[in-house]
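What follows is a single structure, written as structure tokens, with notes after it.
Numbering (UniProt numbering), first residue to last: 1 to 252.
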């Protein structure tokens, strides 16, 4: 949610126009806008220095470009299910793999739902919006476990994993196996409301990730629904040692 939008919600109309303007200015200058870059920068300041980063659900590499500004020395590996984005991923200069990451290796494949208008919504779990229903394209794609793909390609284990897979977060993590053992942090986009058909909601996914040995540490970004409620939240989870360093950096 943008700072100005948040300020408008937080300052009721009972105040005079001048007072409302002043209070909004206070909110805008003292309540920071949530961004992945700012959150990752806070972790960097707490001593987090990942050598290898996996961007799963890479789309066209936007998140990788943002994260690379914070961790310029890290090696990035991008994973994307929609092969239409391959030309854009190639331009990033980072190794990338066109594969639908899931809980099993299945050459027979699974249906991948693609919104031809809003292509960031590609998922193995169909988006439940009218826009998606009007523009859906379904293609059958093979699925891959992360651990088997990593072994096959000889990739280094990740220190940081970013997941933007439209409801398939638990499936991807179940297919990660021992790849997770080296990871110190996970960034995942999670939903409060049933945005994707059959996908787990935020509570279930947080419980699952915490069961893997990570702690919910901070918010990177929020996404609003049509009525202004928080629909999705991008959360960063950290292993206990990193979590303690992050808390200490916050004076706790």
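Beta carbons: idealized from backbone N, C-alpha and C, even for Gly.
| Item | Value |
| --- | --- |
| 7 angstroms CB neighbourhood of residue 89 in its chain, flanking five on each side removed | 58, 60, 61, 78, 80, 96 |
| Local Cβ density within 10 Å of residue 172, reported as buried at 16 or more and exposed below that | buried |
| Length of the line joining the Cα atoms of residue 139 and residue 244 | 44 angstroms |
| Sequence ranges, alpha helix (DSSP H) only - wholly within the stretch 159–207, length at least 4 | 169–174 |
| Three-way DSSP call (helix, strand, coil) for residue 60 in this model | coil |
| Which of helix, strand or coil DSSP assigns to residue 142 | strand |
| Presumed contact (8 angstroms Cβ cut-off) between residue 175 and residue 103, rounded CB distance | 5 angstroms |
| Environment of residue 76 [buried if 16+ CB atoms lie within 10 Å] | buried |
| Separation of residue 215 from residue 238, as counted between CA atoms | 5 angstroms |
| Those residues which DSSP pairs with residue 78 across a bridge | 55, 96 |
| Integer-rounded CB distance, given that residue 106 should sit under 8 angstroms from residue 143 | 5 angstroms |
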